[in-house]
Amino acid sequence: MQRAHGTARIVTDALGVPLTPNDLLREWDNGPLAGMDREEALARYPIPAFRHDLAPFTPDGGESQAAIRARALHALELVWQGGGQRVLVVTHGGFGNSLLRELLGASRGWVAFGDTAFATLCLDRGSHTAVLTGVNLTPHLTHPVQ
34 MQRAHGTARI
44 VTDALGVPLT
54 PNDLLREWDN
64 GPLAGMDREE
74 ALARYPIPAF
84 RHDLAPFTPD
94 GGESQAAIRA
104 RALHALELVW
114 QGGGQRVLVV
124 THGGFGNSLL
134 RELLGASRGW
144 VAFGDTAFAT
154 LCLDRGSHTA
164 VLTGVNLTPH
174 LTHPVQ
């Protein structure tokens, strides 16, 4: 969460708005896979043909998909109930995907977020809709702030 917090701090300081950290936005708990590169993780924990949403991420632990979804829904509920017209949510790519999947009803969707990339959405509380207006955006990398 330190990287996401650091990124959020840069943005909120530049905008002069308060930072409200929330542990709900942490990355997935992938249990014993934490710190392993993909090759080692696949060798030690091959991807099963089927894993129930209530099962842990690996046989040796980690967050279940159901727990991740519940956390994403709780975070989105807090944003929705906050009533703000403009809200910045800074998190990690995996959990950002969880938020988007819940908002858009795309349970198996995936966005290949690059480092520091972001998505933009328009939430309409009147019609209860979420419109994805941009994804994997990185204008800050191609046009640095002067």
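So the mapping is simple: our numbering equals the position in the sequence shown, first residue as 1, plus 33.
No residue lacks a Cβ here, since even glycine has one placed at the ideal position from N, Cα and C.
Residue i beta carbon near the ligand MG (any heavy atom closer than 7 Å)
i      : result
Val123 : By its list of ligands, the structure shown contains no ligand whatsoever, and the ligand MG lies outside what it can speak to.
CB contact flag (residue i, residue j, <8 Å)
i      : j      : result
Thr153 : Gly167 : yes
Phe128 : Leu58  : yes
Ala67  : Thr124 : no
Glu135 : Ala105 : yes
Phe90  : Asn130 : no
Leu170 : Leu137 : no
Ala108 : Leu132 : yes
Delimiting residues of the beta strand (DSSP E) encompassing residue i
i      : result
His157 : With the sequence shown as reference, residue 157 is identified as Asp, and His is not the correct amino acid for it. First-last of the beta strand (DSSP E) with Asp157: Phe151 to Asp157.
Residues sharing a beta bridge with residue i, DSSP
i      : result
Thr166 : BP columns for Thr166 are empty, so no partner.
Gly94  : Thr91
Residue span of the alpha helix (DSSP H) that contains residue i, given as start and end
i      : result
Val122 : Premise fails: Val122 is in no alpha helix (DSSP H) and is neither H nor E.
Thr40  : Gln35 to Leu48
Arg71  : Arg71 to Arg77
Exposed unless 16 or more other CB atoms sit within 10 angstroms - verdict on residue i
i      : result
Val120 : exposed
Ala47  : exposed
Gly142 : exposed
Ile101 : buried
Val122 : buried
Phe146 : buried
Ala76  : exposed
Ala139 : exposed
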